[in-house]
Each structure stands twice: as structure tokens, then as C-alpha cells.
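Comments concern the structure below.
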Amino acid sequence: MSRQCLPVLLTRPEEGSVRFAARLKGHVVRSPLLKPRFLEAHLPRAEGLVLTSAVAIMALRGARPALRAWCVGDRTAEVARKAGFDACSAQGDAEALFRLILDSGENGPLLHPRGRESRGDLGRRLTTAGIPTTEAILYEMIPHPLSSEARALLDGPVVVPLFSPASARRFLEVAGGARPVFACLSEAVAAVLPPDAARHVAARPDAAAMVELVTLLQRLETSPVQS
1101 MSRQCLPVLL TRPEEGSVRF AARLKGHVVR SPLLKPRFLE AHLPRAEGLV LTSAVAIMAL
1161 RGARPALRAW CVGDRTAEVA RKAGFDACSA QGDAEALFRL ILDSGENGPL LHPRGRESRG
1221 DLGRRLTTAG IPTTEAILYE MIPHPLSSEA RALLDGPVVV PLFSPASARR FLEVAGGARP
1281 VFACLSEAVA AVLPPDAARH VAARPDAAAM VELVTLLQRL ETSPVQS
């Protein structure tokens, strides 16, 4: 007997889905549920940026209100460096980024360009901790329906990676009674899902750990086939 390799449904924004899909094996379907719409906002000068998403860098559209960038993870830091920023990665989540900035001796002022929906409340927390931080809402994520191919995939066993609480909530809104196997970036993402959902949390809140988790879940035995 051999094990089936479960298909994967990626619902994160297209740029991230393409990059993540390239690291997976087996059948992968991309159907972004949210797409960014960039907004106009005043960007005051600052000593550094607080970046919790690579989308925020795209939303800057070439503006550089600071040269130093404190980034939530390695991918965001990589995108920031390519955009010309001196980037440092917290290699984790919003909490890890908060601690990194506090421990760095940073005095600010900082600017947090972000989406309309953001987690971690970093601007307020950093300001309260003595590092003045201004927030600028530069984009919002616009809902997009599941493709027909994605809906067909949800009729059977499938792994659905989820990278944020917002994406988890959006999936639940559009997926009806589907019961996939969820791969969650963090406990905060898993907390959005129903308690009886098949949810699994990555060992670390980064892309490499998510690839490891998804690859493991793809090997779950669903129905044995003769080899």
C-alpha cells in the first residue's frame, strides 16, 4: 500500500501563493480570497519603519519615509531590502517584532505602514513603551470569491494553509460546510477556526515551517491505494 498525497488549496494573495506553491509537491490550486487595494495616506518622516507585511512595502509605492525597517519575518525583510531599506527580521510574529524593537535600543519615532486590518496593535504598544510610533493605513484587502476549481477541491480531502486570522475568517465565510485539514501559521490563526476543525499549527511562524507542516499533512492516509 501507499499513501495518497493530499492536494493543497492556497487562498492567500496571489504573490504569496505563487511563491509558496513553488515549494510544495503534488496538486496545488491557487484561489486568492483577498486582493490588496492601495490607499492614499500621509507618510511622515521617521527614523524607522515597522513592517508586518510585504504588502505594506508594495503599498509604499516607492516612497521611503525612513531607511531602516524592522520586519516581522525573513520574507518581509527580503522584500524590504530589495526595495532599498536596511532591514532587520524578527523571524517570527508581531509579538517577536515588538520584542525585537524594544530590545534594540530604538528611540524612534517610527512609522507603521499597514493594512486597514492589522494584528498586534504595534503602534500603540510601542508608543506606550516609550518609542513613538505613528500608523499609516496604506491598503485594504478586498474579498474575492473562490474559483470553481477550488470549490470542487473542497468536496474532498484537502490541505488548506492559513497565514493570518483575517484569512482564516474569510475562508470560513466562503467555504460553507467544507471540512479541510488546516495548516495554521500560529495559534492566533488556529483560534479563529471551530474547535472541532482538523487544525494543525506550524512549529514556527514562518514559511519554512509552514512548508514542513503542509508536506506532512499531505501524507495523511485518506484511502489506501494498491501499489
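Sequence positions in the sequence shown follow my numbering and run 1101 to 1327. We put the CB at the ideal spot given by N, CA and C, even for glycine.
Nearest Cα to Glu-1287 within the set Leu-1272, Gly-1116, Ala-1303: Ala-1303. Short of 7 Å from the beta carbon of His-1244, and not among the five residues preceding or following it, lie these beta carbons of its own chain, in chain order: Pro-1132, Leu-1133, Leu-1134, Lys-1135. Each residue's CA atom was taken as its position, placing Leu-1143 and Arg-1224 some 17 Å apart. If you draw a 10 Å sphere on the C-beta of Val-1150, you find 16 or more other C-beta atoms in it, and that means buried. Residues Cys-1284, Arg-1299, Val-1301 of the same chain have their beta carbon placed closer than 6 Å to that of Ala-1290, with the five preceding and five following residues left out of the count. For Ile-1157, the enclosing alpha helix (DSSP H) begins and ends at 1154–1160. Using a Cβ distance threshold of 8 Å, Pro-1305 and Gly-1192 count as a contacting pair. Following the DSSP letters along the chain, one finds Arg-1214 inside the beta strand (DSSP E) bounded by residues 1210–1215.
Under the Cβ criterion (8 Å, minimum of three pairs), the region 1228–1247 counts as touching the region 1263–1275.
In terms of Cα proximity to Arg-1214, the closest of Cys-1188, Phe-1282, Phe-1138, Ala-1190 is Phe-1138. Secondary structure note for Gly-1223: its alpha helix (DSSP H) is the uninterrupted segment 1222–1228. As summarised for the region 1168–1202, the continuous alpha helix (DSSP H) elements at least 4 residues long and confined to that stretch are 1174–1182, given in chain order.
Three or more beta-carbon pairs separated by less than 8 Å link the region 1195–1207 to the region 1226–1233, which places the two stretches in contact. Around the beta carbon of Ala-1163, a 10 Å sphere encloses fewer than 16 other beta carbons of the protein chains shown; the residue is thus reported as exposed.
Taking 8 Å as the cut-off, the beta carbon of Ala-1169 is found closer than this to the beta carbon of Asp-1186. In this structure, Ile-1237 sits near Ala-1141, with a CB-CB distance shorter than 8 Å. Residues Val-1108, Leu-1124, Val-1259, Pro-1261, Ala-1283 of the same chain have their beta carbon placed closer than 8 Å to that of Val-1314, with the five preceding and five following residues left out of the count. The secondary-structure analysis by DSSP pairs Glu-1240 across a beta bridge with Arg-1137. Across the structure, Leu-1106 and Val-1281 are spaced so that their CA atoms are roughly 10 Å apart. CA-to-CA, the gap between Glu-1115 and Ala-1166 works out to about 25 Å. Looking at Leu-1211, Ser-1153, Ser-1218, the one whose alpha-carbon comes closest to that of Ala-1190 is Ser-1153.
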